[in-house]
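Note that our numbering has the sequence shown beginning at 1, numbered continuously upward.
Each residue gets a CB set at the ideal place from its N, CA and C atoms; glycine is no exception.
Notes follow once the structure below has been shown.
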Amino acid sequence: MNYPNGKPFNRNKSQVGRTHKGQTSKIDYGGRGMSLEKDIELSNDYYLNRGIAVIHKKPTPIQIVNVHYPMRSKAVINEAYFRTPSTTDYNGIYHGRYLDFEAKETKNKTSFPLNNMHEHQVRHMEACYQQQGVVFLLIRFKSLDEVYL
1 MNYPNGKPFN
11 RNKSQVGRTH
21 KGQTSKIDYG
31 GRGMSLEKDI
41 ELSNDYYLNR
51 GIAVIHKKPT
61 PIQIVNVHYP
71 MRSKAVINEA
81 YFRTPSTTDY
91 NGIYHGRYLD
101 FEAKETKNKT
111 SFPLNNMHEH
121 QVRHMEACYQ
131 QQGVVFLLIR
141 FKSLDEVYL
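Following this line, the structure appears as structure tokens:
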């Protein structure tokens, strides 16, 4: 299986392989795994560059309270607060249809705790769905290195 950009998908597990001489060797895929967010961003960049879809990560709304300006180009935010709870992680458009989705990771092997989804996120997704939007949840099971839609 490949990512949309053609990059091969490799599990983060050591696998046994064969060398060119037929000898068994250990292939180490350590350090090649990316976070779910990085994988999604790579896919979103691919879709955008090929005119397939426009999908972006939504920023979390914050209220900036205190900023230090040693120089205008080097402003430092010293204090900020979340203004409102964030809705979902990503939104965009694909073939004229609005997309809205949440990405979650879990260490569990066989289940996803539903309490990882907040009520306001579910309400937001329901509202988008009622307007004919495409909504979904991506779940990465870290221990299995598998992603489900």
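Between the region 93-104 and the region 132-143 there are three or more inter-stretch CB-CB distances shorter than 8 Å, so the stretches are counted as touching. If you draw a straight line from the Cα of Asn-115 to the Cα of Pro-70, it comes to about 43 Å. Leu-149 sits in coil when the DSSP states are folded into three classes, being neither helix nor strand. Of all C-beta pairs linking the region 40-59 to the region 74-91, three or more are shorter than 8 Å, placing the two stretches in contact. Annotated three-state conformation of Asn-108 is coil, per DSSP. Cβ-Cβ separation between Lys-142 and Lys-104: approximately 11 Å, too far for a contact (criterion under 8 Å). Excluding its 5 nearest sequence neighbours in each direction, His-124 has C-beta neighbours in its own chain below 8 Å: Thr-87, Thr-88, Asp-100, listed in chain order. Distance from the Cα of Ile-62 is smallest, within the candidate group Ala-53, Phe-82, Arg-50, Lys-74, for Phe-82. The beta carbon of His-120 lies closer than 6 Å to those of Pro-85 in the same chain, with the five residues before and after it left out. Under a 10 Å Cβ-count criterion, Arg-72 is classified as exposed, with fewer than 16 other Cβ atoms of the shown protein chains found around its own Cβ. In the structure shown, Lys-74 falls within a helical segment according to DSSP collapsed to helix, strand and coil.
Of the candidates Asn-78, Leu-144, Ile-139, Ser-35, Ile-139 places its Cα closest to the Cα of Pro-113.
Note: Gly-92 is bridge-paired with Ile-55, Leu-99 in the DSSP secondary-structure output. Residue burial annotation: Glu-102 is buried, with at least 16 other C-beta atoms found within 10 angstroms of its C-beta.
In terms of Cβ geometry, Pro-4 and Ser-35 do not form a close pair [threshold 8 Å].
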